[in-house]
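Here's the structure we're looking at; comments come further down.
Residue numbers (the numbering used here), protein chains in the order written: chain V, 344 to 543; chain W, 1206 to 1400.
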């Protein structure tokens, strides 16, 4: 595992992108990506939770008994998600409604648990914070990439602004569940072939 | 909300399938769907846990959290309830139903982090279901999840030997196959609707 800050960020965002390379946390990656704005908010929320949960878990890693660490981690994550949920409901109620249960489902997002187990558990707090934030950014970028295509083809708009004009017929399939599956599958395909091409 | 529990039950299997319409429980769905046998066992375990935890979560939410005005803490409470019920049912099954324990075995602990379980609990709160409706929703979602994962396992066994582009092997083709299944399930929409 790399220990230099720059290396950590690069690994988390690009080479080991949580969604595309490790196939983690795809539940929400699929569910909220029909609009770019939703994806952005979701990505920010997840980045916040991953970053700070990694930081806190790393802070107390020396005092946490090994066999109850899962429970401790889950509680820290759940606490942070509650913070996000309350903030969203107070300052952005429409978005809170639109995301629905998926905000709460950040708790069971495998990315957070994965980073806690794989990195925060045996690295100092600052690096863990960085790693968590970078993983969150990697996740957000993938979400935005999927949402870009889905919103553009499904609504003819980007961030709610109409860009494709009057003549565009909405491709409804794109904003329905199958569209999300196809987009993610294609994205994984593209990244995998890129990687293999680079190696050969 | 005055939908009959039967409507909710069938809707959560076909039109509002946990995986194909709500994307919940994807992680284990992709990871443990390469064999029909194991997929079926995991599906059973999920259905079993969903049925119990949904009932428990409903009772705790409506009898303790709401009267005390502590709805904000529902995430923490739900996840603790789920984790402890999973642990408890593992012990009970191990003690009394040995054959079932060997079938479900390693899958039970995994289920704690399955988003479908927490998702059902959160949907139940948002849609304001009654107790009977929630149980119907929980069992139906579990069966729907099992249906989807067993079907996917069947597809994956077949495409194992198919000539697939190198980069698409593994997760890529699995997700696209799921997309095609979701497309087929759209055919059910309109029969019943519980959104």
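Yeah, the Cβ is synthetic: ideal placement off N, Cα and C, and Gly gets one too.
| Check | Outcome |
| --- | --- |
| C-beta atoms of residue 1384 of chain W and residue 1217 of chain W nearer than 8 Å | no |
| Start-to-end residues for the alpha helix (DSSP H) that takes in residue 1321 of chain W | 1320–1331 |
| Straight-line Cα distance separating residue 1374 of chain W from residue 536 of chain V | 10 Å |
| Residue 308 of chain V versus residue 362 of chain V - alpha carbon distance | This structure gives no information on residue 308 of chain V, because the portion of chain V shown stretches from 344 to 543. |
| Residue environment, residue 542 of chain V, which counts as buried when at least 16 other CB atoms sit within 10 Å | Confidence in residue 542 of chain V is poor, its pLDDT being 43 and thus under 50, which makes the residue's placement unreliable; the coordinate value appears in the next sentence. Exposed: under 16 other Cβ atoms inside 10 Å. |
| Bridge partner(s) assigned by DSSP for residue 500 of chain V | V:505 |
| Exposed unless 16 or more other CB atoms sit within 10 angstroms - verdict on residue 522 of chain V | buried |
| Residue 486 of chain V versus V:364, V:375, V:350 and V:525, residue with shortest Cα-Cα distance | V:375 |
| Contact with chain V by residue 1227 of chain W, beta-carbon distance below 8 Å | yes |
| The ligand SAM heavy atom lying under 7 Å from the CB of residue 1371 of chain W | The ligand SAM is absent from the structure shown, which contains no ligands of any kind. |
| Cβ-based burial, residue 1382 of chain W [other Cβ within 10 Å; buried from 16] | buried |
| Assigned exposure category for residue 493 of chain V - 16 Cβ within 10 Å defines buried | buried |
| Reduced DSSP category for residue 1395 of chain W - H, G, I as helix; E, B as strand; rest coil | coil |
| Contacts around residue 351 of chain V, its chain only, beta-carbon distance under 7 Å, and the 5 residues preceding and following it disregarded | 345, 470, 473, 474 and 477 |
| Cβ shell of residue 534 of chain V (< 8 Å), same chain only, five flanking positions each side left out | 360, 363 and 364 |
| Ordered list of alpha helix (DSSP H) runs contained in the stretch 356–392 of chain V, each at least 4 residues | 369–374 |
| Extent of the continuous alpha helix (DSSP H) to which residue 1293 of chain W belongs | 1279–1301 |
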